[in-house]
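Everything below concerns the one structure shown next.
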Amino acid sequence: MLNILPGDAALLAGDPRAAQNPEIMDAMRARWGLDQPIHIRYATYITNLIRGDLGISYRTGNTVNRLIVLNFPPTIRIVILSFIFSTILGISLGFIAAVKHGSAADIGSMIFSIFGISAPRFWIGLMLMYYFAVNLRLLPASGLGDGSISYLILPSVTLGIPLIALLARTTRASVLDVMKEDYVRTARSKGLSERTVKFKHIFRNALISIITIAGLQLGTLLATTVIVEEVFSLPGLGRLIIRSIHRRDIPAVQGVIFVFALGFIIINLSVDLLYAYLDPQIKYD
Amino acid sequence: MKKLKIFALLFLCLLVLANGISVEAAEEERYGGTLIFPLAYGSPGYLDPAEVTRVEGEIITSNIFDRLVRIDPETLTPVPLIAESWDVSDDGLEYTFYLHEGIKFHDGSELTASDVKFSFERVMNPDESLNTDLLHNVEGAREFRDGESDYISGIEVINDYEIKLTLESLDVDFLLTVARRGSEIVPEEAVTELGDDFSDYLIGSGPFKFVSWIEGAAAELEAFDDYFRGRPYLDRLIFRDMEEAAARVPSFLAEEIDFDIVFPAQFEIYAEDPVHGDNMVIVPELWTRHVHFNLEVEKLQDKRVRQAFNYAVDKELIIDRLVDGMAFPATGWLPESSPGFNPDLVGYDYDPEKAASLMEEAGYSPDNPLELEIFGTTSPHFGVPIIEAMTPFLEEVGFDITPVQMEGATISDYRMVGDFEAYIQSHGGEISPVEYLRKHFWSGLSRSEGRWSMYENPEFDEYIELAMRTIDEEERLEYVHRAEEIIVEDAPVFFYNYSQAVGVFQPWVHGIVENPLELSLQPFENIWVDDSSPRK
Chain A
2 MLNILPGDAA
12 LLAGDPRAAQ
22 NPEIMDAMRA
32 RWGLDQPIHI
42 RYATYITNLI
52 RGDLGISYRT
62 GNTVNRLIVL
72 NFPPTIRIVI
82 LSFIFSTILG
92 ISLGFIAAVK
102 HGSAADIGSM
112 IFSIFGISAP
122 RFWIGLMLMY
132 YFAVNLRLLP
142 ASGLGDGSIS
152 YLILPSVTLG
162 IPLIALLART
172 TRASVLDVMK
182 EDYVRTARSK
192 GLSERTVKFK
202 HIFRNALISI
212 ITIAGLQLGT
222 LLATTVIVEE
232 VFSLPGLGRL
242 IIRSIHRRDI
252 PAVQGVIFVF
262 ALGFIIINLS
272 VDLLYAYLDP
282 QIKYD
Chain B
23 MKKLKIFALL
33 FLCLLVLANG
43 ISVEAAEEER
53 YGGTLIFPLA
63 YGSPGYLDPA
73 EVTRVEGEII
83 TSNIFDRLVR
93 IDPETLTPVP
103 LIAESWDVSD
113 DGLEYTFYLH
123 EGIKFHDGSE
133 LTASDVKFSF
143 ERVMNPDESL
153 NTDLLHNVEG
163 AREFRDGESD
173 YISGIEVIND
183 YEIKLTLESL
193 DVDFLLTVAR
203 RGSEIVPEEA
213 VTELGDDFSD
223 YLIGSGPFKF
233 VSWIEGAAAE
243 LEAFDDYFRG
253 RPYLDRLIFR
263 DMEEAAARVP
273 SFLAEEIDFD
283 IVFPAQFEIY
293 AEDPVHGDNM
303 VIVPELWTRH
313 VHFNLEVEKL
323 QDKRVRQAFN
333 YAVDKELIID
343 RLVDGMAFPA
353 TGWLPESSPG
363 FNPDLVGYDY
373 DPEKAASLME
383 EAGYSPDNPL
393 ELEIFGTTSP
403 HFGVPIIEAM
413 TPFLEEVGFD
423 ITPVQMEGAT
433 ISDYRMVGDF
443 EAYIQSHGGE
453 ISPVEYLRKH
463 FWSGLSRSEG
473 RWSMYENPEF
483 DEYIELAMRT
493 IDEEERLEYV
503 HRAEEIIVED
513 APVFFYNYSQ
523 AVGVFQPWVH
533 GIVENPLELS
543 LQPFENIWVD
553 DSSPRK
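For the record, the sequence lines run as chains A and B.
Here the first sequence stands for residues 2 to 286, numbered as in this note's numbering.
Here the second sequence stands for residues 23 to 558, numbered as in this note's numbering.
Here it is in structure tokens:
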């Protein structure tokens with residue numbers, strides 16, 4: 002895609018508002034191999050990729066491997082952190098809402114979830130920053146600081162709020178569905194304790210569809226780190242890819258997409274394997 | 023009663039005195055502390071000075087490396103740095119620089135004339151540099167760049183502290199060249215030894231030593247104790263990559279950063295704050311925002327049409343409403359902070375009647391409008407939103423405007439090949455008024471070199487060439503004024519405004535200067551923080 006878009010890295014290396022010398026741009030293009038036709042560039046790229054070499058970024062002169070190694074940890078940390086707390090919170094909220102169907106807790110959590118799904122992350126992030134960092138001075142507003150976890154709390158919450166909301170809604174719907182099933186009535190009529198019915202029969206069966214949604218959403222989380230990293234000035238992959246796109250830094254864009262794609266595949270595979278564990282009806286031989 | 027009065031008077035005197043003393047105490051420079059400065063334009067990309075092509079990188083490298091001369095932000099003239107003085111031959115072609123003796127690089131080695139020669143050859147070597155047009159006017163530099171020679175004949179080391187540069191043709195602004203990006207002096211020995219790894223070490227002779235840079239995060243520098251102009255006040259200087267303006271505000275308010283570059287959308291938050299409102303710097307920048315016309319498009323070749331465009335728009339109203347007053351209406355091409363600014367220049371005032379009559383003469387009216395496509399980015403200050411604001415003014419006098427929104431990169435591409443009617447942009451950052459006019463309007467340049475309008479006027483060319491050849495400054499300025507008057511009369515662009523840069527600093531930061539070149543290029547070696555800083 003970036004190869005056919007107008008503008009190239011050489012054109013954008015200089016100050017975009019100033020004049021550029023065509024000779025220098027040609028020299029830059031030669032240096033980065035941009036003067037080669039696209040199929041040759043692709044062949045070179047694939048050969049290098051097999052060797053584990055993602056190339057050199059035009060924008061920074063660093064190897065893409067190094068950029069990714071540096072920018073990977075913040076992204077993966079906030080994704081994991083926000084995934085953990087939002088699944089716990091989201092599923093519990095949804096479960097409570099379903100079993101206390103129609104109560105104040107139900108309505109409250111559903112209002113929250115509508116808000117969480119519709120509010121833009123950018124805005125949530127800024128509001129959290131103003132409240133917790135500027136007014137209360139409880140948490141740092143931006144950056145990674147000394148690397149302590151306090152710097153990751155606000156970004157993770159910002160990233161996770163829409164997921165909490167979505168999971169709460171899915172869990173509630175799914176639990177309500179399962180509650181109407183025959184085997185739940187059977188379980189109750191067997192005289193099982195309410196606790197066993199709720200957790201062993203209802204919750205476990207509802208979990209299948211929840212896990213599917215959560216797994217898919219983990220991918221979305223990875224993709225939306227772009228916004229969160231920009232708002233909180235975190236040196237992550239999302240930020241790296243946005244800047245690389247702006248400056249037509251093709252090797253860096255390809256590198257990050259490669260990592261993201263790998264991430265998606267791993268997540269999907271793990272979700273599929275989890276099914277087998279949760280639902281005895283699904284078996285992989 | 024009288025006694026009481028005397029007492030009161032005495033008390034008052036004491037109070038004033040005490041106050042005076044305490045003010046003085048606070049004003050005393052203090053060593054130590056850390057300053058955190060945001061990189062408001064994003065990541066620098068390259069940090070090796072030969073490869074730094076954008077101001078994002080220069081903001082960092084200008085503190086690690088020094089150049090032969092530097093630009094005084096107040097006068098915008100070259101003043102000594104590594105070169106403590108220089109001689110220029112009568113024909114203006116030979117520059118002899120006398121280096122300050124005993125300058126140390128961060129690795130302890132001494133800076134001598136051979137390092138200067140090495141650095142200049144390095145910047146002209148396309149394998150190492152992205153700034154290979156820097157010294158194009160030095161004798162033999164182009165042959166060296168093109169691989170036809172393995173040295174630059176115009177660079178001669180006389181002794182350890184004297185170096186002579188010979189130019190091919192007269193360049194009255196040559197001193198600015200050795201103060202530009204790319205002209206930093208690097209240590210020959212260390213660069214040769216480290217090779218490509220030099221960009222991980224960045225050894226210079228500037229006031230701060232390089233510690234680390236993490237892409238997307240921050241660059242960390244620390245004070246260089248042996249700096250030849252004296253150790254800087256700050257212990258540490260950190261540049262944080264914070265491109266998102268809306269997100270910098272809470273970080274500034276939470277005292278996590280010591281400075282912020284303020285964009286119009288954030289201006290009021292700071293200006294209305296009782297503390298921060300007093301700690302703001304407002305500088306007219308060296309940038310001109312304008313609409314560039316493509317004079318190869320037939321309908322735009324009529325001067326009256328371009329003049330009508332200039333008369334038709336109420337710039338002051340647009341600046342007031344859309345740019346929060348953070349700009350000055352433009353009279354011509356050279357901005358107020360430029361040494362070539364002409365305060366007597368008569369530009370185009372808002373005069374819709376004159377505009378309408380000019381359009382009528384040219385054969386257009388609101389019923390038979392001139393269709394014009396204007397490219398612009400999403401920039402709220404010099405992009406499509408501004409074109410939309412101008413449209414009603416223009417349609418009233420006989421234009422039919424179609425704004426086309428696209429990315430900056432795409433505009434650059436169309437501009438290069440001349441496939442456009444008009445576009446709105448901001449150009450500048452050039453100190454030399456001669457160069458700033460020449461680069462965009464002198465007919466000796468091709469379109470891709472910056473003459474995007476393909477404007478051509480022999481009279482203008484003559485004045486610019488005269489200015490390029492004139493060593494006497496006053497006379498040169500006179501030619502610049504004449505040349506600019508012609509540009510204004512011919513109106514190859516719509517002169518919109520000169521931008522203003524605004525910064526805000528925390529109350530404990532001292533020594534921030536108003537640099538019209540770029541507010542982020544601060545003399546950090548002179549900046550200090552008092553002990554009310556959370557990072558003292």
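For glycine and all other residues, C-beta sits at the position ideal for the given N, C-alpha and C.
Here the structure is a predicted model, which means the values were calculated and not measured.
Item, Value
"Whose C-alpha, out of B:D263, B:I340, B:M476, is nearest the C-alpha of R437 of chain B?", "B:M476"
"Against R60 of chain A, what residues of chain B qualify as contacts under a CB-to-CB distance less than 7 angstroms, listed in chain order?", "G67"
"Taking only three categories from DSSP, how would you classify S434 of chain B?", "helix"
"So the candidates are B:S65, B:L90, B:W309; which of them puts its Cα closest to the Cα of I81 of chain B?", "B:S65"
"Let me check understanding here. Comparing Cα to Cα, which of B:G114, B:D257, B:F166, B:S131 lies closest to F546 of chain B?", "B:D257"
"Below 8 angstroms on the Cβ atoms is my contact criterion, and I expect E132 of chain B with I125 of chain B to pass it. Report the Cβ-Cβ distance as a whole number of Å.", "7 angstroms"
"Applying a beta-carbon distance threshold of less than 7 angstroms, which residues of chain B neighbour R249 of chain A?", "A431"
"Quick one: using the 10 Å Cβ neighbour count with 16 as the cut-off for buried, is L167 of chain A buried or exposed?", "buried"
"May I have the straight-line CA-CA distance separating D182 of chain B from Q255 of chain A, to the nearest angstrom?", "49 angstroms"
"Determine whether the beta carbon atoms of L68 of chain A and A262 of chain A lie at a separation below 8 angstroms.", "no"
"Please report how far the alpha carbon of V194 of chain B lies from the alpha carbon of L216 of chain B, in whole angstroms.", "37 angstroms"
"Can you give the beta carbon distance from T172 of chain A to I92 of chain A, rounded, assuming they're within the 8 angstroms contact cut?", "5 angstroms"
"Please give the ranges of any alpha helix (DSSP H) in the segment 252-318 of chain B, keeping only runs that are unbroken, at least 4 residues long and fully inside the region.", "267-275, 286-293"
"Is the beta carbon of E278 of chain B closer than 8 angstroms to that of P289 of chain A?", "The shown model of chain A, from 2 to 286, leaves out residue 289 of chain A, and the question about it has no answer."
"Pick out the complete alpha helix (DSSP H) segments inside the segment 309-374 of chain B, 4 residues or longer, and give them in chain order.", "325-334, 337-344"
"Check the DSSP bridge columns for N519 of chain B and list the partner residues they point to.", "B:R311, B:P351"
"Anything in the segment 125-158 of chain A with a Cβ closer than 8 angstroms to a Cβ of chain B? List those residues in chain order, please.", "G126, L127, M130, Y131, A134, V135, R138, P141, A142, S143, G144, L145"
"Using the beta-carbon count (16 or more within 10 Å), is S110 of chain A buried or exposed?", "buried"
"Use the C-beta contact count for D588 of chain B: other C-beta atoms within 10 angstroms, 16 or more gives buried, fewer gives exposed.", "In the structure displayed, chain B extends from 23 to 558; residue 588 of chain B sits before or after that span and is not available."
"Rank B:D112, B:A269, B:D553 by C-alpha distance to the C-alpha of V232 of chain A and give the top, closest one.", "B:A269"
"According to DSSP, is F59 of chain B part of a helix, a strand, or is it coil?", "strand"
"To the nearest angstrom, how far is the alpha carbon of L82 of chain A from that of S157 of chain A?", "6 angstroms"
"At a Cβ threshold of 8 angstroms, is I125 of chain B touching chain A?", "no"
"With a Cβ-Cβ cutoff of 8 angstroms, do P11 of chain B and E206 of chain B count as a contact?", "Residue 11 of chain B is absent from the structure shown; chain B starts at 23 and stops at 558."
"Given A169 of chain A, which residues of its chain have a CB within under 6 angstroms of its CB, disregarding the five upstream and five downstream residues?", "G91, L94, G95, S110, S114"
"Could you tell me which chain A residues have their CB closer than 7 angstroms to the CB of I236 of chain B, listed as they occur along the chain?", "L71, P236"
"Indicate the three-state DSSP secondary structure (helix, strand or coil) for Q37 of chain A in the structure shown.", "coil"
"Distance, Cα to Cα, A277 of chain A vs I209 of chain A?", "10 angstroms"
"Could you confirm whether any beta carbon from chain A is found closer than 8 angstroms to the beta carbon of S221 of chain B?", "yes"
"Straight-line CA distance for E266 of chain B to Y458 of chain B?", "30 angstroms"
"Please confirm whether V232 of chain A has its beta-carbon closer than 8 angstroms to some beta-carbon of chain D.", "In the structure shown, chain D does not exist; the protein chains are A and B."
"Do K231 of chain B and I177 of chain B come within 8 angstroms of each other at the CB atom, strictly closer than that value?", "no"
"Rounded to a whole number of angstroms, what is the C-alpha to C-alpha distance between E78 of chain B and L275 of chain A?", "47 angstroms"
"With DSSP run on the structure shown, which of helix, strand or coil describes Y131 of chain A?", "helix"
"Would you mind reading off the limits of the beta strand (DSSP E) that contains N186 of chain B?", "Contrary to the premise, residue 186 of chain B reads as Lys rather than Asn in this sequence. Unbroken beta strand (DSSP E) run through K186 of chain B: 184-188."
"Do E96 of chain B and H122 of chain B have their C-beta atoms within less than 8 angstroms of each other?", "no"
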